[in-house]
Structures are given as structure tokens and as C-alpha cells.
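Residue numbers (my numbering), protein chains in the order written: chain D, 14 to 282; chain Y, 14 to 282; chain R, 14 to 282.
Ideal Cβ positions, reconstructed from N, Cα and C, are used throughout, including at glycine.
Following: one structure in C-alpha cells, then a few remarks.
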Amino acid sequence: MEHNAKREWPPALVDPTGRREAKPRDAGLTMVIDKGLGLRAFEDMIRLAAPYIDVVKLGFGTSALYPEELLVRKIEAAREAGVHVMPGGTFLEVAVTQQLVDAFLDTAKAYGFTALEVSDGTIELNRDQRSALIVKSIDAGFTVFTEYGKKLFGSTIEWEELARTVEIDTGLGASFVTIEARESGKGVGIFDENGECKTDDVEAIMNAVPNRHALMWEAPLKSQQTELLQALGPNVNIGNVAPEDALSLEALRRGLRSDTFHLGKQAKV
Amino acid sequence: MEHNAKREWPPALVDPTGRREAKPRDAGLTMVIDKGLGLRAFEDMIRLAAPYIDVVKLGFGTSALYPEELLVRKIEAAREAGVHVMPGGTFLEVAVTQQLVDAFLDTAKAYGFTALEVSDGTIELNRDQRSALIVKSIDAGFTVFTEYGKKLFGSTIEWEELARTVEIDTGLGASFVTIEARESGKGVGIFDENGECKTDDVEAIMNAVPNRHALMWEAPLKSQQTELLQALGPNVNIGNVAPEDALSLEALRRGLRSDTFHLGKQAKV
Amino acid sequence: MEHNAKREWPPALVDPTGRREAKPRDAGLTMVIDKGLGLRAFEDMIRLAAPYIDVVKLGFGTSALYPEELLVRKIEAAREAGVHVMPGGTFLEVAVTQQLVDAFLDTAKAYGFTALEVSDGTIELNRDQRSALIVKSIDAGFTVFTEYGKKLFGSTIEWEELARTVEIDTGLGASFVTIEARESGKGVGIFDENGECKTDDVEAIMNAVPNRHALMWEAPLKSQQTELLQALGPNVNIGNVAPEDALSLEALRRGLRSDTFHLGKQAKV
Numbered sequence: 014m015e016h017n018a019k020r021e022w023p024p025a026l027v028d029p030t031g032r033r034e035a036k037p038r039d040a041g042l043t044m045v046i047d048k049g050l051g052l053r054a055f056e057d058m059i060r061l062a063a064p065y066i067d068v069v070k071l072g073f074g075t076s077a078l079y080p081e082e083l084l085v086r087k088i089e090a091a092r093e094a095g096v097h098v099m100p101g102g103t104f105l106e107v108a109v110t111q112q113l114v115d116a117f118l119d120t121a122k123a124y125g126f127t128a129l130e131v132s133d134g135t136i137e138l139n140r141d142q143r144s145a146l147i148v149k150s151i152d153a154g155f156t157v158f159t160e161y162g163k164k165l166f167g168s169t170i171e172w173e174e175l176a177r178t179v180e181i182d183t184g185l186g187a188s189f190v191t192i193e194a195r196e197s198g199k200g201v202g203i204f205d206e207n208g209e210c211k212t213d214d215v216e217a218i219m220n221a222v223p224n225r226h227a228l229m230w231e232a233p234l235k236s237q238q239t240e241l242l243q244a245l246g247p248n249v250n251i252g253n254v255a256p257e258d259a260l261s262l263e264a265l266r267r268g269l270r271s272d273t274f275h276l277g278k279q280a281k282v
Numbered sequence: 014m015e016h017n018a019k020r021e022w023p024p025a026l027v028d029p030t031g032r033r034e035a036k037p038r039d040a041g042l043t044m045v046i047d048k049g050l051g052l053r054a055f056e057d058m059i060r061l062a063a064p065y066i067d068v069v070k071l072g073f074g075t076s077a078l079y080p081e082e083l084l085v086r087k088i089e090a091a092r093e094a095g096v097h098v099m100p101g102g103t104f105l106e107v108a109v110t111q112q113l114v115d116a117f118l119d120t121a122k123a124y125g126f127t128a129l130e131v132s133d134g135t136i137e138l139n140r141d142q143r144s145a146l147i148v149k150s151i152d153a154g155f156t157v158f159t160e161y162g163k164k165l166f167g168s169t170i171e172w173e174e175l176a177r178t179v180e181i182d183t184g185l186g187a188s189f190v191t192i193e194a195r196e197s198g199k200g201v202g203i204f205d206e207n208g209e210c211k212t213d214d215v216e217a218i219m220n221a222v223p224n225r226h227a228l229m230w231e232a233p234l235k236s237q238q239t240e241l242l243q244a245l246g247p248n249v250n251i252g253n254v255a256p257e258d259a260l261s262l263e264a265l266r267r268g269l270r271s272d273t274f275h276l277g278k279q280a281k282v
Numbered sequence: 014m015e016h017n018a019k020r021e022w023p024p025a026l027v028d029p030t031g032r033r034e035a036k037p038r039d040a041g042l043t044m045v046i047d048k049g050l051g052l053r054a055f056e057d058m059i060r061l062a063a064p065y066i067d068v069v070k071l072g073f074g075t076s077a078l079y080p081e082e083l084l085v086r087k088i089e090a091a092r093e094a095g096v097h098v099m100p101g102g103t104f105l106e107v108a109v110t111q112q113l114v115d116a117f118l119d120t121a122k123a124y125g126f127t128a129l130e131v132s133d134g135t136i137e138l139n140r141d142q143r144s145a146l147i148v149k150s151i152d153a154g155f156t157v158f159t160e161y162g163k164k165l166f167g168s169t170i171e172w173e174e175l176a177r178t179v180e181i182d183t184g185l186g187a188s189f190v191t192i193e194a195r196e197s198g199k200g201v202g203i204f205d206e207n208g209e210c211k212t213d214d215v216e217a218i219m220n221a222v223p224n225r226h227a228l229m230w231e232a233p234l235k236s237q238q239t240e241l242l243q244a245l246g247p248n249v250n251i252g253n254v255a256p257e258d259a260l261s262l263e264a265l266r267r268g269l270r271s272d273t274f275h276l277g278k279q280a281k282v
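This is the structure we're talking about:
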């Protein structure tokens, strides 16, 4: 057995899977949803877990409610650590409804947001309107995450439509397409009313979508994250992760937690 | 479409309902329950969300367990931001049981608490005892929130008794009467064992109580907050809100979140 | 009635049970599980609640994922306040699987951890292997908490085996034996699939185990903590407590919360 008197865990203890990719990365992204962290809590999270967080979403329209200076500092803290930061998609949907998209984009830019979520979870957008929003956002300099799916309880996923959406959205320049699961993770998309993952649907989607690396799965519950990691491996893209779960999700990805322990064991054999 | 290069969201994006009242206000109050935040987490919350929080309750008897200096600084931080701060009602009930009400009031005053919750969720108080506690608390300089309802699982609301209680309590000088729902929001008062809102009861109560603005509804779960906002509008008084939900509840009040999006749309038409 | 103009609650309001023991103590320990707190949130917790926390566990393998300096400072903050700090048992199980136990112990020592959790919740250890790990950990200077039980959903407790395990583990020098309940508290050990406590099992265990003070019950849910306090009194050892619940658990122990109010009342009569 090895001896090591330094403050450095052996690599096999840091990632027993040996498969986890580092940032910047094309796969294995984690998107955190921040529903209203204070400044020091946000900085705490960034200092602790920036290597494990690719993008932070300020949920819903909360971006509208911050003291100006505080929002500026949160965005700066994320940017300096190489973490994307974007307002919630619902906020852009409010702007569409209020016919204030240009003002929204200008203000988001002035604040320093680096990314936008383009969604139609609550409002109706036809394909042309969706495409125009994507193009306009990219032209304004934002990285674009689009979202597929309705927030309505009981709404399901039609994978052929999803496949077409991924193809068109990414063709227009969107970086990722998020599969809607709300912040509760129940009764929407691939999750049933108890929040359990409909694994058949996940497989069907993966088979239907050519560019599967562009998919990001909203999965707020640990049980959902576990199911996705078991089905799709350590480098699946997971979104709507609670800030306090950022570190433990990374442990889950690496087989450092009971539920995914076997991912590490397999890597060793 | 408007252009806006400054760090200022257009007003229609900050409050699509156009109906939200600012502090100090008689309606639309939010009461946060703090079960044991550290000092910097508490300051974080105040700096982020003071305009959206009217009163903070230090839950149960936790006030007894703080290091002295730390409790003093939390109370100061709230007061300086125009936020009421009070110990939990159960703590006063302990003082009643231990026959230490005067010492309780003196110490609460010495710490700087600005408000008190007068309740009988666990102990039995007759009307005279309740009235005496209200009067004594007001005489000692506190703003008084009384509470109606038992904490016992399965306890329900008798609205005629509630109406009388509201009339007498506010007649004695109490500012608000809170409807008990515990910190779990399940199986108590207007919430069934799954935490779902018994909407008929809410309507019956609103019809029975003349001064409905004096009512504050404990509603710790987001689904409950949503149901109350949909039934009673953006300016319903909501209590026992988790600190981490303060900002997202305000987004919910203003139609900046999918569940209440229509409140904003209606305001526009 | 007494008067008291100082910032000091009367003793009967601070502990209505009159039975709560202070640190360092042999009974009534609280073990907090930290799944990824930032540095200032951790310091906040220690400053607020160090008298009520005996040991903090950095859950699972999260210890492997910290920036070095940040982990050092968390551990120092705990030690300076007289709080034990240990990595999660699963992390040691990873080390066993990867044949890196010595490196694990050396690095844990270099970081300043004061305690270790020796468990076989996920891997299989025979009695000799378990004993060797306990002895090796004690020889390396750590306080040892062992754990009894599997993390597998539906796993139960065989109390004769538990009694033997407690006898041997403590005979080898382990300080406490924790009863596995995972971080969810559902469908494992003494908790059924709804997280409700199988009280008969608790009684059977207490009768079967000679040194009952050596037992620590993982009980992450407030309802579980309440049931254990009602069954076993204010000074039962409770583990896997969420950081944000540390203060409110102490209120629960002392009868400063509705669910255990009667513990205080009984003390007075």
C-alpha cells in the first residue's frame, strides 16, 4: 500500500470512475438553479464548487428583484470562476409577453449575464418566433440554452418533435437543449407524478436524437440524478441542481457515494 | 420596442401585475421563519430581500439557544432594514407554562425584538388569559401577531370562532392574526394531510371575517403559496416562509414564475 | 413573577427539561452531516451552534472534492470549537475497494480530521477486516465511529448481530456505533419506506444492546428525531442531522418546540 503524508488524496479516491471530464467540457455539464442565494452564500458556492458547475441559472424572474449592486457582484463572481450565468427562461417569456425583448436583452447584457435560456414552458411560441429569439440572443453575444417542454403538470415528451427541435435549435447556434422538469421534478417530461424517471422514455429519446450530447436533463431530485447517471454514465448533462447539492452530485458522478459506487468499481476492473 | 442600456429592468418586467404594494404596507406581507440561520446567512437574506420581507420569526424556542452577541446582531440587522423580528410563539407558551412571562418580555425587550407572537398552539389559554397577554405585550412596546389554531395534527378551523378571535385580538391592538399551519404545512388548519389547500375553507373564512386584511396565512410550501395567491391575489399575507424562498415567493406574487404567470398577463390586458 | 432587564433568558426557558447535558458529554450527542457547505456557511454554523454539535461528517466522498485550503479551514474551524470532524464512511469504503487505506488515513491525518467513520454500508467486510480497520484507525489517532447496517433499500436490523457488533467494536476502542438510515431516512434500518420509525424495533434494540449509550441513531427527518426523543429522552444520540436543523433539534431536545413540549412540562411538575 502507498503512503502519502501530503494533503492530497490519491487520484483513484478523487475519481474512482476515471471517466470524469474537467472544465471546459462538452459533456458532463452541471447547471445549478439559484432561487435566491445571498451574495456570500453564492460566493461560498463558487469557491467550493466552481470546477463542478458549468452554468448557474437565476431561477424564474428573480433577476428582476435584486439590488443592482448585489446582482452585479454575483454575476462577476460567476464569470471570474469560469461559470456561465443566465436569467431563468420564464423571465424572457415575461419579456416576450410584455413586448420588451430588446430591453430585456440590453439590460441582461448590461448586467453581465453570459448566457440566456430560451424557452416556451408557459407561453406559446411558434417555430419562427423561437428561431428568431435564438438568433437575436446569439447576435447579442449570449451563449444560448434552449428548453424543450411545457411546465404544465402531466405534460409529456414527443421525441420526434424533440429531435427536430434539437436539430433546428443547435443548427441556429444554441449550445444545449434542456429537457423541462421544473424545479420540483414531478409530473413533467420524463418524470412521473412521484418524480420517478420513466427510463424507457430516456432510452427512446437517446435513440431519437442524433446529437445526444446537446441534451441537458433537468433533474432536481437526487433519485433522478442517480437514475440518469446509472442509465447514461458519469458525463450526462444535468440541470436544475440545487446549490447545496452541487458537491454531492459531483460525488455521485464519480462513484463516491453509495448509489453510484459500482460506477467506480467497474472502472477499476 | 424600447432600448435600455442601463442596469435597470423595465417596470413591466419587475412587476407584470402592476399590483404589488411596497413597504411599509397593510397588505401583501411576507413573514419568514428562521429555524437557525447563521449570522452571515441572515445578513445575506436581509441585504438581498429586505424589501420583500416584513417580519422574521426566530422559530420555536431557538431564541434561547443563541450566543448573546450573535442574537443581538441578527436583531439589529433586521431592524436597520425595517424588518420586524420576533421570537416564535411556542417560546412565549413555554414562558406561560413556567410562569415567567414578565422575565420573557423583559429579556425580549433587552435583546431588541420588535414584535411578539401570542399563540396557544400547544397550551390552553382562555379568552381572558389571551387578552391579558396581548395587552401586556403591546404595553411593553411590541407589535403583536396573534395566532389562531392548534398545532395538533388533524386540527381544523372553526370560522365563526376565528372571526370572533380576529375581532377581539385586533380590537385589543394586535396587528395581524396568523392562521396556524405549522412549519410543515400538512394536516393542520386549511391544509389537508398532503399539504393541499382546502379552498372552500379559505373562501368561507374570507366571507366570515370582516377584517380580512388582518389575516396572515402560514403557508410554508410553494404549492400552498401558489394556491393562496391564485385565490386571493398578489397581496395576500403569507407566513412561515423559508428564508431561501423569500425571493422566489416575491417572484410568485408578481407573476414572474410559471405558476402565477397569468396574474401578470391579466394585468396587461 | 421575576423581572430581568438583562439579555439573559431565565434557565427554565433555556432548558425546560432540566435534563440536557453539556459538552463534552457521553450522551445526547448530535452528529451533523455536511453535504457541501461553503466556508462561511460552515463557520456560521459553528459560531451559532457549536455547543449543540458534537461531530460533523463531511458526507460520502465529498472530502475528495474540496479545494485544499478550504477543507483545511473547515476542519480547523470545527476543531477550534471542540467539534469532531470526519469524512463520510463511504469514502473509506472507496479506499478499501481501491486498496488505498493507508494513503487514505495519512491524507485524512494531514488534513486534520479528528475522527473516522468505519462502515460497510456498500461493500462487504468480514469481521476480521472490520476489526483491523477499527484498530488501524485508532492507532492512527482517530476517534472512531463505526456504523451498523446496509444502505440497501429494505435492509433491516438484526438486533442480536447488532448487539455483538457493538460489543466487539467498542471493545476494540470505537466510541460510538451508528445505526444506518442513509441521508434520506427512508426504507432503511428502523425506518419504513415512508420514513416512519418502527418503535418496536427501537425497543428491541435497546433491550438487546448492553451498552446502549454507545448507540447513535441516524435520523435525518424531524419526525424521526421527535419519535426518538419521545421514546428515549432528551439525551439520545442522533446523527445525520442537516446543518440547518442543528439549532431546531436542540430546541426539540429541550422541549422548546411543540412536538416535545411535554418533556419540559413533565420536568416542572
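Item, Value
"Could you name the residues that DSSP lists as bridge partners for lysine 211/R?", "For lysine 211/R, which the question treats as bridged, DSSP gives no partner whatsoever."
"Assuming alanine 187/Y and isoleucine 136/Y form a contact by the criterion Cβ under 8 Å, report the distance between their Cβ atoms to the nearest whole angstrom.", "Between isoleucine 136/Y and alanine 187/Y the Cβ distance is about 18 Å, and since that is not below 8 Å, they are no contact."
"Starting from phenylalanine 189/R, trace the beta strand (DSSP E) in both directions and tell me its first and last residue.", "189-192"
"Alanine 244/Y and threonine 212/Y - do their beta-carbons sit closer together than 8 Å?", "yes"
"Please name the residue, chosen from Ser197/R, Ile181/R, Asp67/R, Ile170/R, that lies closest to leucine 234/D on a Cα-to-Cα basis.", "Ser197/R"
"Could you check the C-alpha separation between threonine 178/R and leucine 241/R for me, to the nearest Å?", "21 Å"
"Short check: CB of leucine 118/D to CB of phenylalanine 104/R, under 8 Å?", "no"
"Would you please verify whether the beta carbon of aspartate 111/R is less than 8 Å from any beta carbon of chain D?", "In the sequence as displayed, the identity of residue 111/R is glutamine instead of aspartate. Yes, contact with chain D."
"Please classify proline 100/Y as buried or exposed, where buried requires at least 16 neighbouring CB atoms within 10 angstroms.", "buried"
"I'd like to know if proline 29/R contacts chain Y, where contact means its C-beta is closer than 8 Å to some C-beta of that chain.", "yes"
"Here's the rule: buried if 16 or more other CB atoms are within 10 angstroms of the residue's CB, otherwise exposed. What is histidine 283/Y?", "Nothing can be reported for residue 283/Y: it is not among the residues displayed for chain Y, which extend from 14 to 282."
"On the three-state DSSP scale, how would you describe lysine 149/R?", "helix"
"Can you tell me whether glycine 134/R is buried or exposed, with buried defined as 16 or more other CB within 10 angstroms of its CB?", "buried"
"Which residues bound the alpha helix (DSSP H) around threonine 103/D?", "102-110"
"Using only the alpha-carbon positions, how far apart do glutamate 81/R and alanine 232/R sit?", "30 Å"
"Evaluate contact between the stretch 45-61 of chain R and the stretch 251-258 of chain R, counting only Cβ atoms and requiring at least three cross-stretch pairs below 8 Å.", "yes"
"What is the DSSP secondary structure of asparagine 253/R, counted as helix, strand or coil?", "strand"
"Quick one: using the 10 Å Cβ neighbour count with 16 as the cut-off for buried, is glutamate 15/D buried or exposed?", "Reliability fails at glutamate 15/D, whose pLDDT of 44 lies under 50, so the model's placement of it is uncertain and no value is given."
"Quick one: which residues of the stretch 141-167 of chain Y get their C-beta closer than 7 Å to a C-beta of chain R? List them in chain order.", "Lys164"
"Under 8 Å by Cβ, that's how I've got arginine 267/D and proline 29/D pegged, so tell me the actual separation to the nearest angstrom.", "6 Å"
"Lysine 122/D CB to nearest chain R CB: under 8 Å?", "no"
"Mind listing the chain D neighbours of threonine 75/R? Cutoff is C-beta to C-beta under 7 Å, in chain order.", "Leu260, Ser261, Ala264"
"What are the complete alpha helix (DSSP H) segments, minimum 4 residues, inside the stretch 16-58 of chain R?", "24-27"
"How should valine 282/Y be labelled, buried or exposed, when 16 other C-beta atoms within 10 angstroms of its C-beta is the threshold for buried?", "Residue placement at valine 282/Y is flagged as unreliable, the pLDDT there being 40, under the threshold of 50; a coordinate-derived value is accordingly withheld."
"Taking the straight line between their C-alpha atoms, what separation do you get for proline 24/R and arginine 33/R?", "12 Å"
"Can you name the start and end residues of the alpha helix (DSSP H) that threonine 183/D belongs to?", "172-184"
"Run down chain D in chain order and give the residues with a C-beta less than 7 Å from the C-beta of arginine 270/Y.", "Phe73, Gly74, Thr103"
"With 16 other CB atoms within 10 Å as the buried threshold, where does proline 223/R fall?", "exposed"
"If contacts are defined as beta-carbon pairs under 8 Å, then leucine 185/Y and phenylalanine 155/Y qualify, I think. What distance do you get, rounded to the angstrom?", "Going by Cβ atoms, the distance from leucine 185/Y to phenylalanine 155/Y rounds to 13 Å, so no, they are not a contact pair."
"Taking the C-alpha atoms as reference points, what is the distance between isoleucine 151/Y and aspartate 141/Y?", "15 Å"
"Output the distance between the C-alpha atoms of valine 114/Y and threonine 159/D, rounded to the nearest integer angstrom.", "58 Å"
"Can you check whether the CB of glycine 41/D is closer than 8 Å to the CB of asparagine 220/D?", "no"
"Would you say lysine 281/Y reaches chain D, if we count a Cβ-Cβ gap shorter than 8 Å as a contact?", "Only weak support is given to the placement of lysine 281/Y: the predicted model assigns it a pLDDT of 46, under 50, and the question is left unresolved by the model."
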